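What the sequence shown shows, in numbering that gives the first Met the number 0, is residues 0 to 217, in sequence order. Some notes on the structure that comes next.
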Amino acid sequence: MKFFIDTANLAQIKEAQELGVLDGVTTNPSLMAKEGITGKDNILKHYVAICNLVEGDVSAEVNAIDYDGMIREGEELAELHEQIVVKLPMTKEGIKACKYFSDRGVKTNVTLIFSAGQALLAAKAGATYCSPFLGRLDDVSTDGLNLIDEIRQIYDNYGFETQILAASIRHTMHIVNCAKIGADVMTGPLSSIMGLMKHPLTDIGLAQFIADFEKGNK
Ligand code: G3P
């Protein structure tokens, strides 16, 4: 399972990278705004800064909602750095743009996926990644994990190469459950990744080891 971090915060990306388990980064317009990154030039520079921090794929989302605008923006983003993946919304225009880019060997991530039918369409359009939003489904009393499971089944039935990128991850159990289902990638906040290593018995056990070592080496 690949681990992506879902943020535009450079310090957090660096921290996850230094842990040695990071495979990529996802961003979106809201995450860029949260970091105060505004204006086209600053946004483009920020994507390059992220690419220079990590080795894997970096999803950069188009802001246009029309096909021509998506193509223009996507081409500009893809030219920025070889690690850039063009992130497109799950709309009619987004699917057409996804097909355009996949036909030209540009990596794509179709985002805002909330149904198995949308995920099937993204795969048909040749998406590199499809991003079902797990947490946002859970937020409205709908089983987000069930969607991941349905997509896994559909992609396996036909051997689609589109990778399931479980997004809108909120906590460690989302990650563990997505891994059990077989999601190819998860993207979550730093806290969800760091949370994976926590267990009180680990802390108690380590404290005991340290105490016993100190007793024997006084
Ligand atoms: O990758 C999509 C993600 O950013 C959405 O997460 O927590 O805003 O639902 P959230």
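Backbone N, C-alpha and C define an ideal beta-carbon position, used for all residues, glycine too. Note that this is a predicted model, so its numbers are computed, not measured.
By the three-class DSSP mapping on this structure, what secondary structure does Gln82 have?
Gln82: coil per DSSP, three-state reduction.
In terms of alpha-carbon separation, which member of Leu144, Ile203, Met31, Phe159 lies closest to Val175?
Of Leu144, Ile203, Met31, Phe159, the residue nearest in Cα terms is Leu144.
I'd like to confirm something about Gly134: is its beta-carbon nearer than 7 Å to some heavy atom of the ligand G3P, or not?
Yes, since a heavy atom of the ligand G3P falls inside the 7 Å radius drawn around the Cβ of Gly134.
Just list the residues that DSSP pairs Lys95 with in beta bridges.
None; Lys95 has no bridge partner.
Roughly how many angstroms separate the alpha carbons of Asn27 and Lys91, rounded to a whole number?
The straight-line gap from Cα to Cα measures roughly 19 Å.
Considering Cα atoms alone, identify which of Lys39, Met69, Leu9 is closest to Gly93.
Checking every option, the nearest Cα to that of Gly93 belongs to Met69.
State the CB to CB distance for the pair Phe100 and Gly73, rounded to an integer number of angstroms; the pair is presumed to be in contact (CB under 8 Å).
Right, their Cβ atoms sit about 6 Å apart.
What do you reckon, is the C-beta of Ser130 under 7 Å from a heavy atom of the ligand G3P?
Correct: Ser130 has its Cβ closer than 7 Å to the ligand G3P.
So what's Glu149 in DSSP terms, helix, strand or just coil?
Glu149 falls in the helix class under three-state DSSP.
Assuming contact is defined by CB atoms lying nearer than 8 Å, are Gly194 and Thr171 in contact in what I supplied?
In contact: Gly194 and Thr171 (Cβ atoms closer than 8 Å).
Under 8 Å: do the segment 159 to 173 and the segment 183 to 194 share three or more Cβ pairs, one atom per stretch?
A contact exists between the segment 159 to 173 and the segment 183 to 194.
Following a CB-centred definition, is Arg151 positioned closer than 7 Å to any heavy atom of the ligand G3P?
Checking every heavy atom of the ligand G3P against the Cβ of Arg151, none is found closer than 7 Å.
In the DSSP assignment, find the beta strand (DSSP E) that holds Asn108 and state where it starts and stops.
107 to 112 is the extent of the beta strand (DSSP E) around Asn108.
Between Arg103 and the ligand G3P, is there a pair consisting of the residue's CB and a ligand heavy atom that are separated by less than 7 Å?
Outside the cutoff, so no.
Just mark Val139 as buried or exposed, buried being the case when its beta carbon has 16 or more other beta carbons within 10 Å.
Exposed.
Name the one or two DSSP bridge partners that Phe132 has.
DSSP lists Ala166 as partners of Phe132.
Is the Cβ-Cβ distance between Gly55 and Gln11 less than 8 Å?
No, Cβ-Cβ distance for Gly55 and Gln11 is not below 8 Å.
Could you tell me the distance, in whole angstroms, from the CA atom of Cys129 to the CA atom of Lys214?
Between Cys129 and Lys214, the C-alpha separation is close to 55 Å.
Does DSSP put Glu17 in a helix, a strand or coil?
In the structure shown, Glu17 sits in a helix (DSSP, three-state: H, G or I).
Closer than 7 Å to a non-hydrogen atom of the ligand G3P - does that hold for the CB of Leu30?
For the ligand G3P, at least one heavy atom lies less than 7 Å from the Cβ of Leu30.
On the DSSP bridge assignment, give the partners of Ile4 in chain order.
Per DSSP, Val24, Gly187.
Heavy atom of the ligand G3P less than 7 Å from the Cβ of Ser167, yes or no?
Yes, the ligand G3P has a heavy atom inside 7 Å of this Cβ.
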